[in-house]
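Protein chains in written order, with the working numbering: chain A, 1 to 153; chain B, 1001 to 1108.
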Amino acid sequence: MKQQKMKIISRRSVLFLMGGVASSALFTKFAMAKPNLALQRIKEISKSKVEEVDLFLDVPEIAENGNQVKVSFDIDSPMTKDDFVRTVYLLADGNPAPNVAKFSFTTDMGACSATTRMRLSKTQNVYLLAEYNNGKFAMTKSKVKVTIGGCGG
Amino acid sequence: MSKIKPRGKVPKKAAIDEIIEIKTLIRHPMHSGRMKDKDGKNIPKRIINKFLVKFNGKQIFGMDLEPSISTNPYIAFPFKAKKSGTFDFEWTDDNGEKYTMSRKMDVS
């Protein structure tokens, strides 16, 4: 008798789990339909004058912990008064807000690179947008797979 | 909450025109405003929102931080050594507090 009771509960919980899976699948579909906020933001900043080039953006391919994802970049620039990178934006398209950080560079630095750690709530693209002193923009993106999300919860 | 404590690593000595790397870390919770405490209540947003570095009084590097930056923000960046001087680091908290640190470097 006791066994039977347990069986019923387990069947119910299985049904419950299935419901959960279905609704979460629905939710991701819904999330996919949202506009890409990071790309919108890039358009706003650059006024659509952006070239997609191969800047060096170093992010892990798979991040086991979304709370601490190391991000570094290195942009090839002489960093002289006539030719330097003024601002670098870091954006992500799957986080609650697209902006991650904005770096302001000066010619005193001699090189254009930096390293920091960011949060990623789920698998998503990380974007790097560089603004040169002559008003040009360049961007690149890289996909990071996240095993455990790192945004609250 | 643990005390907010800035840390930094700057080489004490550098050669002229050498590109050095400066590493900084500040112990700060970086509450994004989306995390919940043990009782399920929302923890209000409180982050470091600005980081500035000056060398001999002139700004050399700045960074605007958003809630997507991890707890205990780590920031590393390069600098071209030209003359001896002092670095002044400044972190600004959402509550208006500022945390500062200074480091000297000899260039020969």
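Ideal Cβ placement from N, Cα and C applies to all residues, glycine included.
| Asked | Found |
| --- | --- |
| Who are the Cβ neighbours of R1007(B) in its own chain at under 6 Å, not counting the five residues just before and after it? | L1025 |
| Does the Cβ of P1078(B) have 16 or more other Cβ atoms within 10 Å, making it buried, or fewer, making it exposed? | buried |
| Is the distance from the Cβ of F56(A) to the Cβ of F73(A) below 9 Å? | yes |
| Determine the DSSP secondary structure at D172(A), reduced to helix, strand or coil. | With chain A covering only 1 through 153, there is no way to say anything about residue 172(A). |
| Assuming T140(A) and E52(A) make a contact with CB atoms under 8 Å, what is their CB distance in whole Å? | 7 Å |
| Would you grab the beta carbon distance between I1060(B) and M109(A) for me? Rounded to a whole angstrom, and I think it's under 8 Å. | 6 Å |
| Please classify V144(A) as buried or exposed, where buried requires at least 16 neighbouring CB atoms within 10 angstroms. | buried |
| Hey, out of I1022(B), T1100(B), G1057(B), D1039(B), whose CA is closest to T1086(B)'s CA? | G1057(B) |
| Between V69(A) and chain B, is any beta-carbon pair separated by less than 9 Å? | yes |
| Please work out which residues of its chain come closer than 8 Å, Cβ to Cβ, to F30(A), disregarding the five sequence neighbours upstream and downstream, and give them in chain order. | Unreliable positioning characterises F30(A) in this predicted model, as indicated by a pLDDT of 49, which lies under 50. The coordinate reading is nonetheless provided below. Around F30(A): no qualifying Cβ. |
| Any chance the region 114-125 of chain A sits against the region 1066-1081 of chain B, with 3 or more Cβ pairs inside 8 Å? | yes |
| Check K1003(B) in the structure and name its three-state DSSP category. | coil |
| Rounding to the nearest angstrom, what Cα-Cα distance links F1055(B) and N36(A) in this structure? | 39 Å |
| Is the Cβ of T1092(B) closer than 9 Å to any Cβ of chain A? | no |
| What are the boundary residues of the beta strand (DSSP E) that includes Q68(A)? | Careful: Q68(A) lies outside any beta strand (DSSP E) and carries neither H nor E. |
| Check distances from the C-beta atoms of the region 51-68 of chain A to those of chain B and list, in chain order, the residues that come in under 9 Å. | N67, Q68 |
| Along chain A, in chain order, which residues have C-beta atoms closer than 8 Å to that of I1069(B)? | V100, A101, T116, R117, M118, R119 |
| Among the candidates I1069(B), K1013(B), D1039(B), K1003(B), whose CA atom is the shortest distance from the CA of I1022(B)? | K1013(B) |
| Buried or exposed, going by whether 16 or more other CB atoms sit within 10 Å of the CB of I1048(B)? | buried |
| Counting Cβ pairs, one atom from each stretch, are 3 or more of them under 8 Å apart for the region 89-103 of chain A and the region 63-70 of chain A? | no |
| Given that a residue counts as buried once 16 or more other Cβ atoms are within 10 Å of its Cβ, and exposed if not, what is G1096(B)? | exposed |
| Please state whether DSSP places R156(A) in a helix, a strand or coil. | The requested residue 156(A) does not occur in the structure, where chain A is confined to residues 1 to 153. |
| To the nearest whole angstrom, what separates the beta carbons of K81(A) and T107(A), a pair I think is in contact under 8 Å? | 6 Å |
| Quick check: the Cα distance between L26(A) and S121(A), rounded to an integer number of angstroms? | Model confidence at L26(A) stands at a pLDDT of 48, short of 50, so the residue's coordinates are unreliable; what they give is reported in the following sentence. Straight-line Cα distance between these residues: approximately 18 Å. |
| Can you name, in chain order, every residue of its own chain whose Cβ lies under 7 Å from the Cβ of F1089(B), other than the five neighbours on each side? | P1006, G1008, T1024, V1053, T1100, M1101 |
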